[in-house]
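Asks:
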Amino acid sequence: MPEMRTERAITAKSPFELRVQGARGMPEPDVRMALVTGDMGFLHSFTTGATVDGPGVRVVAWTSGCMWRCQYCHNPDTWALTNGSPVSITQASEELRKYRHGLKVMSGGFTLSGGEPLMQHRFAVKLLTAAHGMGIHTALDTNGFYGDRLSDEELGPIDLVLLDLKAWDPQKHLKLTGMEVAPTHTFAKRLAALRKPIWVRYVLVPGVTDDMDEIGQIAAFAAGLGNIDRVDVLPFHQMGKYKWQQLGIPYPLADTRPPDNDLIDRACDVFRAAGLTAY
Ligand code: SF4
Numbered sequence: 047m048p049e050m051r052t053e054r055a056i057t058a059k060s061p062f063e064l065r066v067q068g069a070r071g072m073p074e075p076d077v078r079m080a081l082v083t084g085d086m087g088f089l090h091s092f093t094t095g096a097t098v099d100g101p102g103v104r105v106v107a108w109t110s111g112c113m114w115r116c117q118y119c120h121n122p123d124t125w126a127l128t129n130g131s132p133v134s135i136t137q138a139s140e141e142l143r144k145y146r147h148g149l150k151v152m153s154g155g156f157t158l159s160g161g162e163p164l165m166q167h168r169f170a171v172k173l174l175t176a177a178h179g180m181g182i183h184t185a186l187d188t189n190g191f192y193g194d195r196l197s198d199e200e201l202g203p204i205d206l207v208l209l210d211l212k213a214w215d216p217q218k219h220l221k222l223t224g225m226e227v228a229p230t231h232t233f234a235k236r237l238a239a240l241r242k243p244i245w246v247r248y249v250l251v252p253g254v255t256d257d258m259d260e261i262g263q264i265a266a267f268a269a270g271l272g273n274i275d276r277v278d279v280l281p282f283h284q285m286g287k288y289k290w291q292q293l294g295i296p297y298p299l300a301d302t303r304p305p306d307n308d309l310i311d312r313a314c315d316v317f318r319a320a321g322l323t324a325y
């Protein structure tokens with residue numbers, strides 16, 4: 047894979063900035079080769095100092111490419127793989143190396159998020175393994191659909207999985223995300239068998255994912271796994287609304303408001319009633 051495409055500096059940018067066509071002009075065979083080898087990945091953005099994507103202060107790399115179509119997605123510009131900028135595994139690893147001491151001091155680490163990072167699973171494995179090898183705590187933020195792409199051995203260098211559980215009922219999940227829920231549950235059970243810690247992430251959307259019975263079923267499932275360190279109830283927000291508009295994609299939640307504190311508290315209480323720690 048030619049290094050010349052990756053010489054652009056990796057600069058910290060918010061995932062809430064719209065970014066498209068970062069890999070414009072890259073030949074299709076090069077894109078395919080990157081996915082096969084993992085020698086190159088496609089990053090939408092790269093942030094430092096994040097505090098919500100795993101323990102401590104984190105460096106977060108946001109990959110491009112996602113096969114889900116969540117109604118509440120705040121980064122629809124990450125759906126297309128080629129909206130990300132090509133970055134070699136060497137360059138990404140060296141960038142991380144700059145932060146390794148600081149991350150240890152701040153009890154933080156590195157989180158690979160997206161998009162869906164396992165769309166580029168070879169690159170994800172290589173980058174997380176490299177970070178782990180530097181002594182950096184590693185987290186993978188995933189919807190879990192492609193969890194079976196990673197062997198048990200490849201899961202080894204991943205210290206924590208941030209797993210999105212979006213809906214319980216299969217039909218609701220299909221409507222909300224466009225994809226089936228079963229592979230995510232299979233991956234969650236596998237992580238439990240491996241005793242791999244999970245932080246569950248649940249996006250709370252008024253009128254869409256605020257059915258307390260549904261949340262109770264997710265809570266019961268999660269509690270039964272035995273490897274859930276915490277649950278983050280993430281309030282829906284409209285920071286990505288302009289992206290849907292600028293990309294010309296019909297946005298089903300254009301008029302939906304964020305949940306109020308009472309609704310957030312009630313959702314957290316449902317998880318707590320199942321014996322989980324929820325924020
Ligand atoms: S899985 Fe994440 S990136 Fe993909 S559509 Fe859903 S919210 Fe967006």
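In our numbering, each residue carries its 1-based index in the sequence shown increased by 46.
The beta carbon of each residue, even a glycine, is placed where N, CA and C say it ideally should be.
These figures come from a predicted structure and were not determined experimentally.
Say the cut is 7 Å; is the CB of TRP114 nearer than that to a heavy atom of ligand 1?
Replies: Because some heavy atom of ligand 1 lies under 7 Å away, the Cβ of TRP114 counts as near it: yes.
Asks: Could you give the distance in angstroms between the alpha-carbon of THR188 and the alpha-carbon of THR109?
Replies: Taking the straight line joining both Cα atoms gives about 11 Å.
Asks: Where does LEU309 sit, in a helix, a strand or coil, going by DSSP?
Replies: Of the three classes helix, strand and coil, the one that applies to LEU309 here is helix, per DSSP.
Asks: With a CB to CB cut of under 7 Å and the five nearest residues on each side skipped, what residues in its chain are close to ALA177?
Replies: Excluding residues within five positions, the ones whose Cβ falls inside 7 Å are LEU142, PHE156 and THR184.
Asks: For the region 243-256 against the region 194-208, do three or more pairs of beta-carbon atoms, one drawn from each stretch, fall closer than 8 Å, so that the two count as touching?
Replies: At 8 Å Cβ cutoff, the stretches touch.
Asks: Nearest to PRO298 by alpha carbon, out of LEU174, ASN307 and TYR288?
Replies: With distances taken between Cα atoms, PRO298 lies closest to TYR288.
Asks: Just to check my reading of the structure: MET258 and ARG312 have Cβ atoms closer than 8 Å, yes? What is that Cβ distance to the nearest angstrom?
Replies: Contact flag correct, Cβ pair sits at about 6 Å.
Asks: Can you look up PRO82 in the DSSP assignment and give me helix, strand or coil?
Replies: The sequence shown places Val at residue 82, rather than the Pro named in the question. Note: VAL82 maps to helix in three-state DSSP.
Asks: Buried or exposed: SER60, going by 16 or more other Cβ atoms within 10 Å of its Cβ?
Replies: By the 10 Å Cβ count, SER60 comes out exposed.
Asks: Under the rule that 16 or more other beta-carbon atoms within 10 Å means buried, what is SER153, buried or exposed?
Replies: Classification for SER153: exposed.
Asks: Beta-carbon within less than 8 Å of VAL82's beta-carbon, same chain only, minus the 5 sequence neighbours each way: which residues are those?
Replies: ARG168.
Asks: On a CA-only basis, which of MET285, PHE233 and ILE295 is nearest PHE267? Give me that one, please.
Replies: When each option's Cα is compared against that of PHE267, the closest is PHE233.
Asks: What's the C-alpha gap between ARG65 and SER134?
Replies: About 19 Å.
Asks: From the DSSP output, which residues share a beta bridge with SER159?
Replies: Answer is TRP108.
Asks: Are there 16 or more other CB atoms within 10 angstroms of the CB of MET86, so buried, or fewer, so exposed?
Replies: By the neighbour-count rule (16 or more Cβ atoms within 10 Å), MET86 is buried.
Asks: With a threshold of 7 Å, establish whether the CB of ASN273 neighbours any heavy atom of ligand 2.
Replies: Ligand 2 is not part of the structure shown, which contains ligand 1 as its ligands.
Asks: Specify the secondary structure class of TYR333 as computed by DSSP and reduced to three states.
Replies: Not covered by the structure: residue 333. The range shown for the chain is 47 to 325.
Asks: Could you tell me which of ARG146, GLY130 and ASP198 sits nearest to LEU80, measuring between CA atoms?
Replies: In the sequence as presented, Leu is not what sits at residue 80; that position holds Ala. For the residues ARG146, GLY130 and ASP198, the minimum Cα distance to ALA80 belongs to GLY130.
Asks: Say the cut is 7 Å; is the CB of ASN129 nearer than that to a heavy atom of ligand 1?
Replies: No; taking the cut-off as 7 Å, the Cβ of ASN129 has no heavy atom of ligand 1 nearer than that.
Asks: Is the Cβ-Cβ distance between ASN121 and GLY286 less than 8 Å?
Replies: Against a cut-off of 8 Å, the Cβ pair of GLY286 and ASN121 comes out as a contact.
Asks: Thinking CYS112 and MET165 are a contact (beta carbons under 8 Å), I'd like their distance in whole angstroms, please.
Replies: Confirmed, Cβ separation roughly 6 Å.
Asks: Less than 8 Å separating the beta-carbons of ALA269 and LEU211?
Replies: Going by C-beta atoms, ALA269 is not nearer than 8 Å to LEU211.
Asks: Quick check: what's the CA-CA separation for ALA265 versus ASP278?
Replies: Using only the alpha carbons, I get a separation of about 12 Å.
Asks: For ASP99 and LEU158, I'd like the C-alpha separation in whole angstroms.
Replies: Distance between the alpha carbons of ASP99 and LEU158 is about 9 Å.
Asks: Any heavy atom of ligand 1 closer than 7 Å to the Cβ of MET119?
Replies: Here residue 119 is Cys; the residue named in the question, Met, does not match the sequence. Under cutoff, so the answer is yes.
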